[in-house]
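Q: There's a structure below that I have some questions on.
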Amino acid sequence: MARKQVKKKKAAKAKPRKKAKAAKVLAAEFPRKHRIEVEINGVKYSHEVEPRLLLVHYIRDVVGLTGTHIGCDTTNCGACTVLINGDDGQWKAIKSCTLFAVQANGRKILTIEGLAKDDELHPLQKAFWEHHGLQCGYCTPGMIMSALGYLLINPSPTEMEVRQGISGNLCRCTGYQNIVKAILAAAEEIKASGKPPIEPP
Ligand code: FES
Ligand code: FES
C-alpha cells in the first residue's frame, strides 16, 4: 500500500477519537446543567437546571409556584414580575422572564404567594380586592409585585408616580383606574400601619 494511503487511513481512524475527546472536554467545561440554590418566599430550593432555563419557568415549572404568570416571555407585559434581593440586599422588582434561573443563584426571591401572612392578605392584595383593581386577574400578580417594588423606593407616591411606577406592566381589562386607586390606598394603609411594605418571610 502506498505510504500516502496508509497515512490517510490512520488519520480517518484518529478523527472519531479526537472528536469524542473534544466533546468530553467541552462537556466538562460547559456542563449541560448547573446546580442553583435560591430562597423563594423563605423556603430554600436547590436544583440542577439547564443554563437556558428562564427564571419564570424555574419558578413555575420546577418549584411549582404558578402564581407568577407568563404573558409574553419577551419583557413586555410584566405578568412575570417578582422581587429579588440585589447585591445591596434591597428588594427589587424584576421581570422573571428576563433572567435565566442560573443568574438568580444565591438570591432570595419573593413571589405573590409569599405576600399573605397567617391567612391575612398583604395591604396591596387587600386594596386590589376592595378597589376592584382586577377583572380577569391575569396581570394582577405581576402588577402587585411591581407596585410593591415601587412602594419600596417611593412609599408616598402621587397618582402620576404610581402610573409611572407600574408603566412596565400591561393590563388588558381594567383601564388602570382602579389599579392606581388600589395602589394609592395600599400606600396609605402601609404608612398608617408603621410596618415596612415587606415583612421578612
Ligand atoms: S412574561 Fe411578559 S414580561 Fe415576562
Ligand atoms: S385584569 Fe385582566 S389583564 Fe389585568
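Numbering (UniProt numbering), first residue to last: 1 to 201. Each residue gets a CB set at the ideal place from its N, CA and C atoms; glycine is no exception. Since the model is a prediction, treat every value here as computed from it, not as a measurement.
(1) Any contact of the segment 153-167 with the segment 175-192, i.e. 3+ C-beta pairs under 8 Å?
(2) Can the beta-carbon of residue 59 be found less than 8 Å from the beta-carbon of residue 111?
(3) Since residue 37 is in the beta strand (DSSP E), which residue starts that stretch and which ends it?
(4) Can you tell me whether DSSP reads residue 138 as helix, strand or coil?
(5) From the DSSP secondary-structure annotation, give me the bridge partner or partners of residue 45.
(6) Hey, is the segment 104-120 in contact with the segment 63-72, meaning 3+ C-beta pairs nearer than 8 Å?
(7) Any contact of the segment 160-178 with the segment 72-91, i.e. 3+ C-beta pairs under 8 Å?
(8) Who are the near neighbours of residue 136 in its chain, counting only those whose CB is closer than 7 Å to its CB and skipping five residues on each side?
(9) Using alpha carbons as the reference points, say which of 106, 49, 147 lies closest to residue 33.
(10) Quick check on this structure: which residue in 107, 73, 96 has the alpha carbon closest to the alpha carbon of residue 88?
(11) Can you tell me where the alpha helix (DSSP H) with residue 162 in it begins and where it stops?
(12) Helix, strand or coil for residue 195? Go by DSSP, reduced to three states.
(13) Short of 6 Å in beta carbon distance, which residues of its chain neighbour residue 178, apart from the five on each side in sequence? Order them along the chain.
(14) With C-beta atoms as the reference, is residue 127 less than 8 Å away from residue 37?
(15) Nearest CA to the CA of residue 145: which residue from 194, 153, 175, 82?
(16) In angstroms, rounded to a whole number, what distance separates the CA positions of residue 86 and residue 147?
(17) Is any heavy atom in ligand 1 found nearer than 7 Å to the beta carbon of residue 118?
(18) Quick check on the DSSP output: the beta strand (DSSP E) that includes residue 83 runs from which residue to which?
(19) Quick test of your reading: residue 109 and residue 39, contact by CB under 8 Å. State the CB separation rounded to the nearest angstrom.
A: On the basis of the supplied data:
(1) yes
(2) If you number the sequence shown from 1, residue 59 lands on position 59. If you number the sequence shown from 1, residue 111 lands on position 111. Yes, these two residues count as a Cβ contact at 8 Å.
(3) Along the sequence shown, read from residue 1 onward, the residue named residue 37 stands at position 37. It spans 34-40 - the beta strand (DSSP E) in which residue 37 sits, taken as one unbroken run.
(4) As a working note, residue 138 is residue 138 in the sequence shown. Coil.
(5) As a working mapping, residue 45 is identified with position 45 in the sequence shown. In the DSSP output, where bridge partners are listed per residue, residue 45 has 38.
(6) yes
(7) yes
(8) As a first step, residue 136 is located in the sequence shown; it is residue number 136 there, counting from the start. 173.
(9) If you number the sequence shown from 1, residue 33 lands on position 33. Ranking 106, 49, 147 by Cα distance to residue 33 puts 49 first.
(10) The sequence position of residue 88 within the sequence shown is 88, counting from 1. The shortest Cα separation from residue 88 among 107, 73, 96 belongs to 107.
(11) As a working note, residue 162 is residue 162 in the sequence shown. Counting along the chain, the alpha helix (DSSP H) containing residue 162 begins and ends at 159-165.
(12) Taking the first residue of the sequence shown as position 1, residue 195 is located at position 195. Coil, per DSSP.
(13) Within the sequence shown, numbered from 1, the residue matching residue 178 stands at position 178. Excluding positions up to five away in sequence, the list reads 131, 132, 133.
(14) Along the sequence shown, one-based indexing puts residue 127 at 127. Along the sequence shown, one-based indexing puts residue 37 at 37. In this structure, residue 37 does not lie closer than 8 Å to residue 127 by Cβ.
(15) Working through the sequence shown from its first residue, we reach residue 145 at position 145. Of the listed residues, the one whose Cα sits closest to residue 145 is 82.
(16) As a first step, residue 86 is located in the sequence shown; it is residue number 86 there, counting from the start. As a first step, residue 147 is located in the sequence shown; it is residue number 147 there, counting from the start. Between residue 86 and residue 147, the C-alpha separation is close to 17 Å.
(17) Along the sequence shown, read from residue 1 onward, the residue named residue 118 stands at position 118. No - ligand 1 has no heavy atom lying nearer than 7 Å to the Cβ of residue 118.
(18) Stepping through the sequence shown from its first residue, residue 83 is reached at position 83. Unbroken beta strand (DSSP E) run through residue 83: 81-85.
(19) The residue you call residue 109 lines up with position 109 of the sequence shown. The residue you call residue 39 lines up with position 39 of the sequence shown. That belief holds up - the Cβ atoms of residue 109 and residue 39 are roughly 7 Å apart, short of 8 Å.
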